[in-house]
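Okay, so here's the structure we're looking at.
Protein chains: 2
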Amino acid sequence: MSKRYVVIMAGGKGERFWPASRLKRPKHLLPIVGDKPMLTQTVDRLDGFVESENIFVITNAEQWEGVCKVCPTLPKENIVAEPVGRDTAAAVGLAMLMIKQKDPEASLAMLPADALIKDWKGFQRALDVAFSAAEEASRLVTIGIEPTEPATGYGYIQKGDSVSRHNEIDIFKVVEFKEKPDLETAQSYLESGDYFWNAGMFVWSVQAISEALGMFTPELKTGLDEIERRMDEGEERDPLLAELYPELEKISIDFAVMEKAENVVTLAATFDWDDVGAWPAIERHFPSDSSGNVADGEAVFESSSGNIAVSGEDHLIAFIGVDDLIVVHTEDATLVCKKDQAQKIKDLVKGLGPDRV
Amino acid sequence: MSKRYVVIMAGGKGERFWPASRLKRPKHLLPIVGDKPMLTQTVDRLDGFVESENIFVITNAEQWEGVCKVCPTLPKENIVAEPVGRDTAAAVGLAMLMIKQKDPEASLAMLPADALIKDWKGFQRALDVAFSAAEEASRLVTIGIEPTEPATGYGYIQKGDSVSRHNEIDIFKVVEFKEKPDLETAQSYLESGDYFWNAGMFVWSVQAISEALGMFTPELKTGLDEIERRMDEGEERDPLLAELYPELEKISIDFAVMEKAENVVTLAATFDWDDVGAWPAIERHFPSDSSGNVADGEAVFESSSGNIAVSGEDHLIAFIGVDDLIVVHTEDATLVCKKDQAQKIKDLVKGLGPDRV
Numbered sequence: 169m170s171k172r173y174v175v176i177m178a179g180g181k182g183e184r185f186w187p188a189s190r191l192k193r194p195k196h197l198l199p200i201v202g203d204k205p206m207l208t209q210t211v212d213r214l215d216g217f218v219e220s221e222n223i224f225v226i227t228n229a230e231q232w233e234g235v236c237k238v239c240p241t242l243p244k245e246n247i248v249a250e251p252v253g254r255d256t257a258a259a260v261g262l263a264m265l266m267i268k269q270k271d272p273e274a275s276l277a278m279l280p281a282d283a284l285i286k287d288w289k290g291f292q293r294a295l296d297v298a299f300s301a302a303e304e305a306s307r308l309v310t311i312g313i314e315p316t317e318p319a320t321g322y323g324y325i326q327k328g329d330s331v332s333r334h335n336e337i338d339i340f341k342v343v344e345f346k347e348k349p350d351l352e353t354a355q356s357y358l359e360s361g362d363y364f365w366n367a368g369m370f371v372w373s374v375q376a377i378s379e380a381l382g383m384f385t386p387e388l389k390t391g392l393d394e395i396e397r398r399m400d401e402g403e404e405r406d407p408l409l410a411e412l413y414p415e416l417e418k419i420s421i422d423f424a425v426m427e428k429a430e431n432v433v434t435l436a437a438t439f440d441w442d443d444v445g446a447w448p449a450i451e452r453h454f455p456s457d458s459s460g461n462v463a464d465g466e467a468v469f470e471s472s473s474g475n476i477a478v479s480g481e482d483h484l485i486a487f488i489g490v491d492d493l494i495v496v497h498t499e500d501a502t503l504v505c506k507k508d509q510a511q512k513i514k515d516l517v518k519g520l521g522p523d524r525v
Numbered sequence: 169m170s171k172r173y174v175v176i177m178a179g180g181k182g183e184r185f186w187p188a189s190r191l192k193r194p195k196h197l198l199p200i201v202g203d204k205p206m207l208t209q210t211v212d213r214l215d216g217f218v219e220s221e222n223i224f225v226i227t228n229a230e231q232w233e234g235v236c237k238v239c240p241t242l243p244k245e246n247i248v249a250e251p252v253g254r255d256t257a258a259a260v261g262l263a264m265l266m267i268k269q270k271d272p273e274a275s276l277a278m279l280p281a282d283a284l285i286k287d288w289k290g291f292q293r294a295l296d297v298a299f300s301a302a303e304e305a306s307r308l309v310t311i312g313i314e315p316t317e318p319a320t321g322y323g324y325i326q327k328g329d330s331v332s333r334h335n336e337i338d339i340f341k342v343v344e345f346k347e348k349p350d351l352e353t354a355q356s357y358l359e360s361g362d363y364f365w366n367a368g369m370f371v372w373s374v375q376a377i378s379e380a381l382g383m384f385t386p387e388l389k390t391g392l393d394e395i396e397r398r399m400d401e402g403e404e405r406d407p408l409l410a411e412l413y414p415e416l417e418k419i420s421i422d423f424a425v426m427e428k429a430e431n432v433v434t435l436a437a438t439f440d441w442d443d444v445g446a447w448p449a450i451e452r453h454f455p456s457d458s459s460g461n462v463a464d465g466e467a468v469f470e471s472s473s474g475n476i477a478v479s480g481e482d483h484l485i486a487f488i489g490v491d492d493l494i495v496v497h498t499e500d501a502t503l504v505c506k507k508d509q510a511q512k513i514k515d516l517v518k519g520l521g522p523d524r525v
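So the protein lines, in turn, are chains A and B. Residue 405 in our numbering is what sits at position 237 of the first sequence, and the numbering runs on without skipping anything. Residue 273 in our numbering is what sits at position 105 of the second sequence, and the numbering runs on without skipping anything.
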């Protein structure tokens, strides 16, 4: 088990959960659903699967302190701040380098920081199977989510034949990664039964991902090799990253590698999963009253239905005669948004002054 | 001029402007519209018309401190706390007693604490005429408001023939006081041109109101006489009120006297007037953007129209995709209310715990 590592990607800007989330306290640092910050839940979910020393978090300079605070069980040197964001392929490469220094024979899982998974046993079982699949044949493995609706907000993974089976879970060859589809296409994916949602959960060996990066993104790989060489010469990590990381090619791991590689396999998540992508999603995780209102905190509803109230501590939100709103109170800002227009929050935040983001 | 007194009625419960207003800081203690609390504006509006010593405020125990704070120019002994609310006739009687002790020949105006009147010159001119009308023939005088719409939220005053004229303002005999009408009736009142809104502004001599109370509410008058007798014997006002005031008959001055007396006259307000009765009214007093949104404080509006934002200091309210809402932020509570349902605020407040009212 000591050859297994987990890298948690914790670099979101926190725009979609404004005003609760801010640049310095994005969604993964907040208990959006549950008693602990989403990132803490993600770390806790690995308890018993890997040792704390084998868990890395990749974040950014603004959030580094916050991440350290919500991950008290992790060694501080395992919490890495990218000097600038260079998309997921560079982050994967960075994680791969750090783990390679510890053990070139290791495998690693990449997980998002802020997905909600309650069945941690089912999660660990699937993750174990994914590691086994990666270890046995140097494959690139992704854990897919069986779609429950024709969602247009996720990429899809088209599965092919089963290539092996571990602990009663089938491993399928990936036929193709698909970009976020339109509704009609999503509907056809759903009906075919051949597609998973791409949840950004990957497992691969250091060797396999290193080779794949070299094959499909040679420019990025050259940059990573330079960082590796100078780390091997004893240079300190953070000043080195400050110098070289900003020059790395900026590309997503999906586009750079997963969509191109041949040896990609997938398995179905045998656990609940919700990426809680925006405010309307929290509705699924709080009890609702008889009019479909939900409250995270104190709220009263009069002649109102289908509302979501997020009031924080010691604050009451009173609704009268309104339907289908998201209302979020924070100390210095309040959001009042029609539920079906939550995608506009991000744009609104871009227009705000620096003291409100 | 020293025979003229003004009594300001400042006893509202502050329910309609919740959550900004509370039991201890009702509307008249807040700058709902304007830079100063409504009561302070009411006192300031009398500047040059009567001396501070001739202005009384009748409030309640909960609000007494707050009233003292926003009326720094008034002698503290002129700020009187009713031990319990006994409706307006008892308050009128109490004011009448206190002024009678200073000068039995005096006249007094009763004014609400929280109406918005910007034209203080026009106001003082009309008030002067009302005093003259009260002084010349021991009449009960009320200043009416010329209706601009068929409002169903006010009582109406049916005017008859002109009985005299002062400073180019006609004094009309009152034919009848009318209760709050339905819309159809209100429409007919508006069209006839014979009706004013009853704004609760009265002027009368101590002698005239004393006689009227004796004639139409003898039970109340007996109670007031007892208070007067014991005050004359040198008893202190506040302990005396604590003992006797709760026993006084509870009835409105409109119902007790104004609707029954014969010698009632009225004149039209020669000034702007807005009772700012509930949140939707503040819309008239703030500039609106091109989509009809108004903000008292910081707000941003995206795909939203006709909203009212009251955000207080250093707090931003962001609206996305919502129309015709009132959103009011305070430290411990937020209101989100459809504009046309603001009348429900009062009922909602009744259902709240003691720490929120």
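Heads up, the beta-carbon is just placed ideally off N, CA and C, and yes, glycines get one too. Predicted, not measured: the structure shown is a model, and the values here were computed from it.
task = Have a look at A:GLY202, A:VAL343, A:ASP400 and A:GLU219 and flag the residue whose alpha-carbon is nearest the alpha-carbon of VAL174 of chain A.
result = By 1-based counting over the first sequence, the position of residue 174 of chain A is 6. Closest by alpha carbon: A:GLU219.
key: Range of the contiguous beta strand (DSSP E) that encloses LYS204 of chain B   = Within the second sequence, numbered from 1, the residue matching residue 204 of chain B stands at position 36. Careful: LYS204 of chain B lies outside any beta strand (DSSP E) and carries neither H nor E.
ask   = Going straight from the alpha carbon of ALA424 of chain B to that of VAL371 of chain B, what length do you get?
value = The count along the second sequence starts at 1 and reaches residue 424 of chain B at position 256. The count along the second sequence starts at 1 and reaches residue 371 of chain B at position 203. So the two alpha carbons sit approximately 16 angstroms from each other.
request  = Mind listing, in chain order, the continuous beta strand (DSSP E) runs of no fewer than 3 residues lying wholly within the region 307-353 of chain B?
outcome  = 308-313, 324-334 and 337-346
ask   = CB-CB under 7 angstroms to ARG333 of chain A, same chain, minus the five flanking residues each way: which ones, in chain order?
value = Here the question's residue 333 of chain A lines up with position 165 in the first sequence. Only ILE339 meet the Cβ criterion.
Secondary structure, beta strand (DSSP E): runs of 3+ residues fully inside the region 180-265 of chain B = 223-228 and 247-250
inquiry  = Assuming ASP491 of chain A and GLY465 of chain A are in contact, meaning their beta carbons sit under 8 angstroms apart, how far apart are those beta carbons, in whole angstroms?
reply    = On the first sequence, residue 491 of chain A is found 323 positions in, with the first residue counted as 1. On the first sequence, residue 465 of chain A is found 297 positions in, with the first residue counted as 1. Incorrect: roughly 20 angstroms between the Cβ atoms, too far for contact.
request  = Return the residue from the list A:GLU430, A:ASN228, A:GLN326 and A:ILE311 that minimises the CA-CA distance to ASP440 of chain A.
outcome  = Residue numbering aside, residue 440 of chain A sits at position 272 when the first sequence is read from its first letter. The candidate whose alpha carbon is nearest that of ASP440 of chain A is A:ILE311.
query = Going by beta carbon distance, what residues of the same chain come within less than 8 angstroms of LEU388 of chain A, once the five residues before and after it are set aside?
reply = For the purposes of this step, residue 388 of chain A is taken as residue 220 along the first sequence, with counting starting at 1. These residues qualify, in order along the chain: ALA257, ALA258, GLY261, LEU381, LEU416, GLU417, ILE419 and ALA424.
task = Quick one: give me the first and last residue of the beta strand (DSSP E) that ILE371 of chain A is part of.
result = Position 203 of the first sequence, counted from the start, is the residue given in the question as residue 371 of chain A. It should be noted that the sequence gives Val, not Ile, for residue 371 of chain A. Element bounds for VAL371 of chain A: 363-373.
request  = Indicate whether at least one CB of chain B lies closer than 8 angstroms to the CB of ASP144 of chain A.
outcome  = Nothing about residue 144 of chain A can be reported from this structure: the residues present for chain A run from 169 to 525 only.
inquiry  = For a test of the three-state rule: what should DSSP assign to LYS171 of chain A, helix, strand or coil?
reply    = Mapped onto the first sequence, residue 171 of chain A falls at position 3. Reduced to three states, the DSSP call for LYS171 of chain A is coil.
query = How would you list, in chain order, the residues of chain A whose beta-carbon sits under 9 angstroms from the beta-carbon of SER471 of chain B?
reply = Position 303 of the second sequence, counted from the start, is the residue given in the question as residue 471 of chain B. Under the 9 angstroms cutoff, chain A gives LYS506, GLN509 and LYS512.
query = What are the boundary residues of the beta strand (DSSP E) that includes THR434 of chain B?
reply = Indexing the second sequence from 1 puts residue 434 of chain B at position 266. From DSSP, the beta strand (DSSP E) with THR434 of chain B extends over 432-436.
key: Beta carbon proximity, ALA501 of chain A to chain B, threshold 8 angstroms   = Reading the first sequence from its first residue, position 333 is the one you call residue 501 of chain A. Output row for ALA501 of chain A: interface = yes.
task = Measure how close the beta-carbons of ILE200 of chain A and ILE450 of chain A come, nearest whole angstrom, since I'm counting them as under 8 angstroms.
result = Working through the first sequence from its first residue, we reach residue 200 of chain A at position 32. Working through the first sequence from its first residue, we reach residue 450 of chain A at position 282. With a Cβ gap of about 6 angstroms, ILE200 of chain A and ILE450 of chain A count as contacting.
query = Would you call the CB atoms of ALA477 of chain B and LEU308 of chain B closer than 8 angstroms?
reply = As a working note, residue 477 of chain B is residue 309 in the second sequence. As a working note, residue 308 of chain B is residue 140 in the second sequence. Cβ atoms of ALA477 of chain B and LEU308 of chain B: not closer than 8 angstroms.
task = Note down the Cα distance separating ILE285 of chain A from PHE291 of chain A, rounded to an integer number of angstroms.
result = In the first sequence, the residue the question calls residue 285 of chain A occupies position 117. In the first sequence, the residue the question calls residue 291 of chain A occupies position 123. When rounded, the distance between both Cα atoms is 8 angstroms.
task = Could you tell me if ASP273 of chain A is buried or exposed, where buried requires 16 or more neighbouring beta carbons within 10 angstroms of its beta carbon?
result = For the purposes of this step, residue 273 of chain A is taken as the residue at position 105 of the first sequence. Correcting the residue type first, residue 273 of chain A is Glu in the shown sequence and not Asp. GLU273 of chain A comes out exposed.
request  = Answer with yes or no whether the minimum CB distance from ALA449 of chain A to chain B is below 8 angstroms.
outcome  = On the first sequence, residue 449 of chain A is found 281 positions in, with the first residue counted as 1. Not one chain B Cβ lies under 8 angstroms of ALA449 of chain A.
Within 8 angstroms, strictly: CB atoms of ALA178 of chain B and ILE226 of chain B = Along the second sequence, one-based indexing puts residue 178 of chain B at 10. Along the second sequence, one-based indexing puts residue 226 of chain B at 58. In this structure, ILE226 of chain B lies closer than 8 angstroms to ALA178 of chain B by Cβ.
ask   = How close, in whole Å, do the beta carbons of ILE337 of chain B and LEU435 of chain B come, if the pair is a contact with beta carbons under 8 angstroms?
value = The residue given as residue 337 of chain B occupies position 169 in the second sequence. The residue given as residue 435 of chain B occupies position 267 in the second sequence. Confirmed, Cβ separation roughly 5 angstroms.
message = Against ILE485 of chain B, what residues of chain A qualify as contacts under a CB-to-CB distance less than 7 angstroms, listed in chain order?
response = Looking up residue 485 of chain B in the second sequence gives position 317. The answer, in chain order, is THR502 and VAL504.
key: Test: LEU493 of chain A CB closer than 8 angstroms to a CB of chain B   = On the first sequence, position 325 is the one that residue 493 of chain A refers to. Yes, LEU493 of chain A counts as interfacial toward chain B.
query = In three-state terms, what does DSSP make of ILE485 of chain B?
reply = Residue numbering aside, residue 485 of chain B sits at position 317 when the second sequence is read from its first letter. In the structure shown, ILE485 of chain B sits in a strand (DSSP, three-state: E or B).
request  = For THR267 of chain A, decide whether its Cβ has a neighbour in chain B, counting only Cβ atoms nearer than 8 angstroms.
outcome  = If you number the first sequence from 1, residue 267 of chain A lands on position 99. The sequence shown places Ile at residue 267 of chain A, rather than the Thr named in the question. No, because no Cβ of chain B sits closer than 8 angstroms to the Cβ of ILE267 of chain A.
task = Compare the Cα-Cα distances from GLY234 of chain B to each of B:LEU265, B:THR210 and B:PRO194 and report the closest residue.
result = Here residue 234 of chain B refers to the residue found at position 66 of the second sequence. The option with the nearest alpha carbon to GLY234 of chain B is B:PRO194.
Alpha-carbon to alpha-carbon, ARG254 of chain A and PHE469 of chain B = Counted from its first residue, the second sequence places residue 469 of chain B at position 301. Counted from its first residue, the first sequence places residue 254 of chain A at position 86. When rounded, the distance between both Cα atoms is 33 angstroms.
query = With distances taken from CA atoms, which of A:ASP282, A:THR316 and A:ALA277 is nearest GLU303 of chain A?
reply = The residue given as residue 303 of chain A occupies position 135 in the first sequence. Measuring from the Cα of GLU303 of chain A, the nearest candidate turns out to be A:ALA277.
key: Contact belief for PRO455 of chain A with VAL252 of chain A at Cβ below 8 angstroms, rounded distance in angstroms   = For this step, residue 455 of chain A is matched to residue 287 along the first sequence. For this step, residue 252 of chain A is matched to residue 84 along the first sequence. Not quite, the Cβ-Cβ distance comes to about 42 angstroms (not below 8 angstroms), so this is no contact.
Distance between PRO407 of chain A and ALA354 of chain A (C-alpha atoms, nearest Å) = Residue mapping note: residue 354 of chain A aligns to position 186 of the first sequence, counting from 1. Residue mapping note: residue 407 of chain A aligns to position 239 of the first sequence, counting from 1. Using only the alpha carbons, I get a separation of about 45 angstroms.
message = Under 8 angstroms, with one C-beta from each stretch per pair, do the region 314-324 of chain A and the region 237-249 of chain A reach the 3-pair mark?
response = no
task = Would you check if the distance between the CB atom of PRO315 of chain B and the CB atom of PHE364 of chain B is smaller than 8 angstroms?
result = One-based indexing of the second sequence puts residue 315 of chain B at position 147. One-based indexing of the second sequence puts residue 364 of chain B at position 196. Contact flag set, yes.
message = Please return the same chain residues whose Cβ sits closer than 8 angstroms to the Cβ of GLU394 of chain B, not counting the five positions on each side in sequence.
response = Position 226 of the second sequence, counting from 1, holds the residue named residue 394 of chain B. LEU412.
query = For the candidate residues B:GLY368, B:LYS506 and B:ALA319, whose alpha-carbon lies nearest to that of SER356 of chain B?
reply = The residue labelled residue 356 of chain B in the question sits at position 188 within the second sequence. Answer by Cα proximity: B:ALA319.
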